[in-house]
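For the sequence shown, full-length UniProt numbering assigns the number 1 to the initial residue and increments by one for each residue that follows. Have a look at the structure below, then the notes.
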Amino acid sequence: MLSLVTLPCLSDNYAYLLHDNETGSTAVVDVPEAAPILSELATRGWQLTEIWLTHHHYDHVDGVADLVAATGAIVRGAVADAHRLPPLTDALAPGESFSFATHDVHVLDAPGHTVGHIAFHVPAARAAFTGDSLMVMGCGRLFEGTPDQMWSSLTTLAKLPDDTNICSGHEYTASNAAFAVTIEPDNVALAARRQDIEEARAQGLPTVPAPLSLERETNPFLRAHLPSVKSGLGMEDATDTEVFAEIRRRKDTF
């Protein structure tokens with residue numbers, strides 16, 4: 001059995017602890033800073049064995065050196081970004097899989113936010129660790145990649161099982177939901193979800209992770225292919241990628 005813990009870091013980042021209760025193995029996905037992770041490990045009596053990195057940005061890797069020094073954990077990340085990630089024990093290529101305890105972990109290509117971005121899908125945990133590619137109610141800015149790359153990444157992630165929990169890297173959900181309403185003002189599921197998000201945040205509760213099934217119903221960046229979305233934007237004859245790019249452009253200036 002696997003246990004998943006969402007850990008707030010910095011001002012609005014998340015790291016994730018994944019713990020195998022039978023073997024005692026523990027992984028952390030992304031390391032914005034070491035202190036909250038070490039504190040949580042100590043509280044739970046867990047020993048960190050692995051670090052998984054989705055991409056090279058400082059707010060996802062800055063605590064790696066301190067965490068390795070404290071725990072001796074191995075570090076896994078994208079081979080394409082090995083030159084700008086902390087030193088890797090295991091350099092991974094998209095399409096590969098590795099074992100965590102007795103569980104398969106699939107490495108998915110997820111460029112767009114950065115060109116070397118990857119995601120980790122753990123079917124046994126019903127979780128996908130998507131960093132800043134697919135984000136709850138949104139997607140990452142295109143700092144390095146193209147709309148084609150990000151749309152391809154999102155469509156790949158959208159094909160995961162309905163009950164997959166999207167474990168993304170930031171608490172941006174409230175602002176993402178406010179933007180989503182400008183794209184689909186008549187989406188009933190979106191209106192209900194926005195209210196749930198606002199209530200959760202008012203209580204200081206995280207809105208991440210979230211089920212992929214709900215993302216498909218409410219996340220505008222996963223819905224650029226829908227005729228109703230295209231019509232609402234006046235882009236009935238546009239390609240899916242063109243519609244996605246327009247939604248991303250609007251979000252950048254929202």
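C-beta atoms are modelled at their ideal positions from N, C-alpha and C, and glycine is treated no differently.
Item: For Arg201, the three-state DSSP class (helix, strand or coil); Value: helix
Item: Inter-residue spacing [alpha-carbon to alpha-carbon] between Pro211 and Arg84; Value: 31 Å
Item: Per-residue burial, Lys230 [other beta carbons within 10 Å of its own, 16 or more giving buried]; Value: buried
Item: Beta-carbon gap between Leu92 and Ala119 smaller than 8 Å; Value: no
Item: Supposed contact pair Ser168 and Gly131 - C-beta distance, whole angstroms, cut 8 Å; Value: 7 Å
Item: Between the CA atoms of Asp240 and Val29 - distance to the nearest angstrom; Value: 31 Å
Item: Cutoff 6 Å; reference His56; Cβ partners in own chain excluding five residues on either side; Value: Asp81, Arg84, Leu85
Item: Classification of Thr102 by the beta-carbon crowding that lies within 10 angstroms, buried from 16 upward; Value: exposed
Item: Cβ contact check for the segment 242-249 and the segment 213-223: 3 or more pairs under 8 Å; Value: yes
Item: Local Cβ density within 10 Å of Ser153, reported as buried at 16 or more and exposed below that; Value: buried
Item: First and last residue of the uninterrupted alpha helix (DSSP H) at Ala180; Value: 173-183
Item: Given 8 Å, three or more beta-carbon pairs between the segment 59-79 and the segment 30-40; Value: yes
Item: Nearest-angstrom beta carbon gap, Leu2 and Leu18 [assumed within contact, 8 Å]; Value: 6 Å
Item: Minimum C-alpha distance to Val107 - residue among Leu4, Ser99, Gly95; Value: Gly95
Item: CB contact flag (Ala73, Leu48, <8 Å); Value: yes
Item: Through-space distance from Ser228 to Val188, alpha-carbon basis; Value: 13 Å
Item: Under the three-state DSSP convention, the category Leu2 falls into; Value: strand
Item: DSSP bridge partner residues for Ser152 (one or two, in chain order); Value: Answer is none; Ser152 lacks a bridge partner.
Item: Range covered by the alpha helix (DSSP H) that runs through His60; Value: 58-61
Item: Rounded Cβ spacing between Phe100 and Ala27 (contact assumed at less than 8 Å); Value: 6 Å
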